[in-house]
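Chains A, B and C are the protein sequences, given in the same order.
If you read the first sequence in the working numbering, its first letter stands for residue 1, the second for the next number, and so on.
If you read the second sequence in the working numbering, its first letter stands for residue 1001, the second for the next number, and so on.
If you read the third sequence in the working numbering, its first letter stands for residue 2001, the second for the next number, and so on.
By construction, the Cβ of each residue, glycine as well, lies at the ideal position given by its N, Cα and C atoms.
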Amino acid sequence: MRRGTIPAGAAAAALIGTAVIFLAAGPGANAQSTKREPPLEIKGDASERPWKRFAGWPARDESKYNTLGNLASPPAPKQPRKITKPITGDAQKGAELVADRNRGGSCLACHVMGPAGGANLPGNVAPDLSEIGNAGREDEWLFNYIYDARVYNPETVMPPWGSHELFNDQEINDMVAFLKTLKSKAVFKTELDNPEKRPPPVEKRENLDPIENPGMWAVDKAQELWRQKTSSGFSCNTCHSDPKASFKAWAASMPKWEPRLNKVLGVEEFVTRHAKATTGADWLMETDENRAMSVYLHFLANDMPIHVDATSPEAKAAIERGKVLSQRKVGQLNMACTDCHGKSANHWIRGQWLGEPKGQYDHFPTWRTSLLAIWDIRQRFQWCQVNIRADELPPDAKEYGDLELYLASLNEGQKLSVPGIRH
Amino acid sequence: MRLLSRRTALALGASSAAFTFIGLSEDASAAAKEAADMMAKFTGGKTVQQGKVSIELPEIAENGNTVPLSISVDAPMTADNYVSDILVVADGNPNPGVATFQFSPLSGKAEASTRIRLAATQNIIAVAKTSKGEFFTSQKLVKVTIGGCGG
Amino acid sequence: MAEKPRLKLPTEAKKGEVIEIKTLLPHIMESGQRKDKDGKPVPRKIINKFICEFNGKPVFTANLEPAIAANPYMQFHAKVEESGTFKFSWTDDDGTVTTAEEKITVT
């Protein structure tokens, strides 16, 4: 029988036979475990406060607009703006504006627009506007469609470029002037530029090959962390000496409603709170250690089909909340998850393919080749928000938990394959 | 960066194949010239023949940070006939040099794969030198995709 | 913790066989093009040379430029006529050399 010493302010462990019972001691530790519930640090946040946006991400303040945690956006206008005189604008300036990626993605993200932007890999989320100059559209209609298309189509995916102050009236006039010049089909330099002819990408890389995927180094790192003793004298290995057997399926059942915290807990937040309550390790979300552990815990459950609890009352309620959140328009660009990954799935947004929710979860955390970094699902949520000019929430926000549980429920049956490898 | 359709031709040697570049931006055409200089230095002005070199690249690279590249040369790799060196340049990168690979009959195959960085859509050009002092070349255009979301 | 180089090659082969070798080295391959948050260029620091030798003889050499992506990946071949040891070396701009070795039995 092995007895552990009781260090100050940390959890102590006593091994008795094959049962493992944790006794809590010290401030902030809450480790009662009847029925072998994993100990969790209940107090405090699982990520840094105040949450600071990642370095290198656009430093915009979008608090004027909806987030997944807060409603703030101004309401849609009830009527189109009246345009009484014919619009005069600089069509050349308009041609530059529609292709300017710094102004919210540029129109070419969604529309083919004749020669604009050199017809270089435009998207096809929305109609081809190359012949709109011949479509008989009034200036008022063209202006208002850009200013705020919701007055014509309340369900539109089109950002409200004017009413959300992305372009001013003169700029919209310039773009209208340009649109009126578009009277013939786009000429593409190569067939790849034509979104109707461009073949959808197929992910063929061997993501679990350590030579193919630098993300596999995170597995090595986690295996080292697993055995690393903290000042408590304990490591993960103290209680989990056979992770391969013990965690063969665990990650495939996550995320999960956690009654002690009254929220959905994903793997990353679980790691933070469980490590803190047991070995005392400080593995906040979005640290390298946390990401490595999340990769490893998912990796151990690779090939298991994702199967989360979707039947308990709490899980059902969380999934419903997640579904509603996935439909909420957020940010200055006023977009919802479902705008890209529902209405526009299987289309090109500029040079990138928009996928459906199914298949978008089973490879997280993933190595990202463009960034040379591991991203977990919460960082992915945050980036999507910031890109549509919405303020992100901290990674442990309860809304992200609801959204992740909803996403996991849509991925029921998909087999885990972590770490992924993506752009 | 706008795509301009400019053609810059460079002749190497007396009766050689011309290297033709579809020039890109102003910066890229300076890179194209530097790439041509590197190739001229590698070949010492000797005749360069088109062919025998295959370049494998994605048609559209998912980003410019990691692009898989494979070069292979159809050659016997015997003691009296093998590829000794392959120069690889990227005619649109600020520094066009990519790598120089050296082989011997012990290599078995004149083939190398790696992953490269591309500043923008451009040509990858490979020049192979054989033990007999001959030069072969090939090039391939690779498009770097443009991200959907903006800045 | 330092990540280890990854190597993939067979442990056995037939005499005269041409085998495939893959290597991956953790390295940032700092190109010298990036700027830090104050706008100053981050100095270049790359692996500039990769050598694969078999029983002391060079099999494949690569002189690398900043255009080689981070975590340099090299795939190439070797014709083996006898048993022995492959030695891989990566040379950093600062002069440090990382090495790795793998034995192969050739019958």
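Beta carbon proximity, residue i to chain B, threshold 7 Å
{"i": "Ile349 (chain A)", "result": "yes"}
{"i": "Ala390 (chain A)", "result": "no"}
{"i": "Ala464 (chain A)", "result": "Past the boundaries of the shown model lies residue 464 (chain A); chain A is included only from 1 to 423, so the question cannot be answered."}
{"i": "His2027 (chain C)", "result": "no"}
{"i": "Phe2076 (chain C)", "result": "yes"}
{"i": "Pro2043 (chain C)", "result": "no"}
{"i": "Gly105 (chain A)", "result": "yes"}
{"i": "Asn387 (chain A)", "result": "yes"}
{"i": "Leu121 (chain A)", "result": "yes"}
{"i": "Val2018 (chain C)", "result": "yes"}
{"i": "Gln360 (chain A)", "result": "no"}
Start and end residues, beta strand (DSSP E) containing residue i
{"i": "Ile2046 (chain C)", "result": "Ile2046 (chain C) -> no beta strand (DSSP E), and no H or E assigned at all."}
{"i": "Phe284 (chain A)", "result": "Correcting the residue identity first, residue 284 (chain A) is Leu in this sequence and not Phe. Leu284 (chain A) -> no beta strand (DSSP E), and no H or E assigned at all."}
{"i": "Phe1135 (chain B)", "result": "1135 to 1144"}
{"i": "Pro210 (chain A)", "result": "No beta strand (DSSP E) contains Pro210 (chain A), which DSSP labels as neither H nor E."}
{"i": "Asn2063 (chain C)", "result": "2057 to 2064"}
{"i": "Ile42 (chain A)", "result": "Neither: Ile42 (chain A) is in no beta strand (DSSP E) and is coded neither H nor E."}
{"i": "Phe2076 (chain C)", "result": "2073 to 2080"}
{"i": "Glu1111 (chain B)", "result": "1110 to 1116"}
Minimum Cβ-Cβ distance from residue i to chain C less than 7 Å
{"i": "Pro214 (chain A)", "result": "yes"}
{"i": "Ala1090 (chain B)", "result": "yes"}
{"i": "Ser1107 (chain B)", "result": "yes"}
{"i": "Leu371 (chain A)", "result": "no"}
{"i": "Thr1137 (chain B)", "result": "no"}
{"i": "Gly1064 (chain B)", "result": "no"}
{"i": "Trp217 (chain A)", "result": "yes"}
{"i": "Met1001 (chain B)", "result": "Residue placement at Met1001 (chain B) is poorly supported in this model, since its pLDDT is 37, which falls under 50; the coordinates still yield a value, given next. It does not; no Cβ of chain C falls within 7 Å."}
{"i": "Asn1123 (chain B)", "result": "no"}
Cβ of residue i within 7 Å of any chain A Cβ
{"i": "Thr1047 (chain B)", "result": "no"}
{"i": "Ala2062 (chain C)", "result": "no"}
{"i": "Arg2006 (chain C)", "result": "yes"}
{"i": "Thr1145 (chain B)", "result": "yes"}
{"i": "Glu1056 (chain B)", "result": "no"}
{"i": "Gly1148 (chain B)", "result": "yes"}
{"i": "Lys2022 (chain C)", "result": "yes"}
{"i": "Ile1116 (chain B)", "result": "no"}
{"i": "Ala2070 (chain C)", "result": "yes"}
{"i": "Glu2053 (chain C)", "result": "no"}
Limits of the unbroken alpha helix (DSSP H) element including residue i
{"i": "Arg378 (chain A)", "result": "377 to 387"}
{"i": "Val418 (chain A)", "result": "Segment: none, Val418 (chain A) is in no alpha helix (DSSP H) and carries neither H nor E."}
{"i": "Arg291 (chain A)", "result": "288 to 299"}
{"i": "Gly2084 (chain C)", "result": "From DSSP, Gly2084 (chain C) is part of no alpha helix (DSSP H) but of the beta strand (DSSP E) over 2084 to 2092."}
{"i": "Gln92 (chain A)", "result": "91 to 98"}
{"i": "Arg321 (chain A)", "result": "313 to 326"}
{"i": "Lys221 (chain A)", "result": "217 to 226"}
{"i": "Lys276 (chain A)", "result": "267 to 277"}
is_contact[residue i, chain D] using C-beta, thresh 7 Å
{"i": "Pro210 (chain A)", "result": "Chain labels in this structure do not include chain D; the protein chains are A, B and C."}
Cβ distance (whole Å) where residue i is taken to contact residue j below 8 Å
{"i": "Ala292 (chain A)", "j": "Lys248 (chain A)", "result": "That belief does not hold up - the Cβ atoms of Ala292 (chain A) and Lys248 (chain A) are roughly 19 Å apart, past 8 Å."}
{"i": "Glu258 (chain A)", "j": "Ala46 (chain A)", "result": "Actually they do not touch by this definition, with Cβ atoms about 11 Å apart."}
{"i": "Lys82 (chain A)", "j": "Glu140 (chain A)", "result": "7 Å"}
{"i": "Ile2047 (chain C)", "j": "Thr2091 (chain C)", "result": "7 Å"}
{"i": "Ser57 (chain A)", "j": "Val386 (chain A)", "result": "The sequence shown places Trp at residue 57 (chain A), rather than the Ser named in the question. 5 Å between Cβ atoms; contact."}
{"i": "Arg389 (chain A)", "j": "Arg60 (chain A)", "result": "6 Å"}
{"i": "Glu138 (chain A)", "j": "Lys185 (chain A)", "result": "With 8 Å as the limit, Glu138 (chain A) and Lys185 (chain A) do not qualify as a contact, their Cβ atoms being about 23 Å apart."}
{"i": "Gly1064 (chain B)", "j": "Ala1120 (chain B)", "result": "7 Å"}
{"i": "Thr1145 (chain B)", "j": "Leu372 (chain A)", "result": "Actually they do not touch by this definition, with Cβ atoms about 18 Å apart."}
{"i": "Pro74 (chain A)", "j": "Asn334 (chain A)", "result": "Contact flag wrong, Cβ pair sits at about 10 Å."}
{"i": "Val1098 (chain B)", "j": "Ile2068 (chain C)", "result": "7 Å"}
{"i": "Gly322 (chain A)", "j": "Leu416 (chain A)", "result": "20 Å between Cβ atoms; not a contact."}
{"i": "Leu2024 (chain C)", "j": "Ile211 (chain A)", "result": "5 Å"}
Residues bridged to residue i (per DSSP)
{"i": "Lys2004 (chain C)", "result": "DSSP output for Lys2004 (chain C) lists no bridge partner at all."}
{"i": "Ser1054 (chain B)", "result": "B:Ser1072"}
{"i": "Asp1085 (chain B)", "result": "B:Gln1102, B:Lys1129"}
{"i": "Asn1123 (chain B)", "result": "B:Leu1141"}
{"i": "Ala1090 (chain B)", "result": "B:Ile1124"}
{"i": "Arg368 (chain A)", "result": "A:Ala373, A:Arg422"}
{"i": "Glu196 (chain A)", "result": "Answer is none; Glu196 (chain A) lacks a bridge partner."}
### Message
Across the region 376 to 389 of chain A and the region 2019 to 2026 of chain C, are there enough close Cβ pairs to call them in contact, namely three or more that are closer than 8 Å?
### Response
no
### Query
Three or more beta-carbon pairs under 8 Å between the region 310 to 319 of chain A and the region 403 to 423 of chain A, yes or no?
yes
### Query
Touch check for the region 352 to 360 of chain A and the region 88 to 95 of chain A: three-plus C-beta pairs under 8 Å?
no
### Query
Quick check: the region 220 to 229 of chain A against the region 379 to 396 of chain A, are there 3 or more CB pairs under 8 Å?
no
### Message
Would you call the region 333 to 353 of chain A in contact with the region 117 to 126 of chain A, where contact means no fewer than 3 C-beta pairs closer than 8 Å?
### Response
Yes, the region 333 to 353 of chain A touches the region 117 to 126 of chain A.
### Query
Touching or not, the region 281 to 300 of chain A and the region 234 to 248 of chain A, by the rule of three or more beta carbon pairs under 8 Å?
The way I'd put it, the region 281 to 300 of chain A does touch the region 234 to 248 of chain A; three or more beta-carbon pairs between them come closer than 8 Å.
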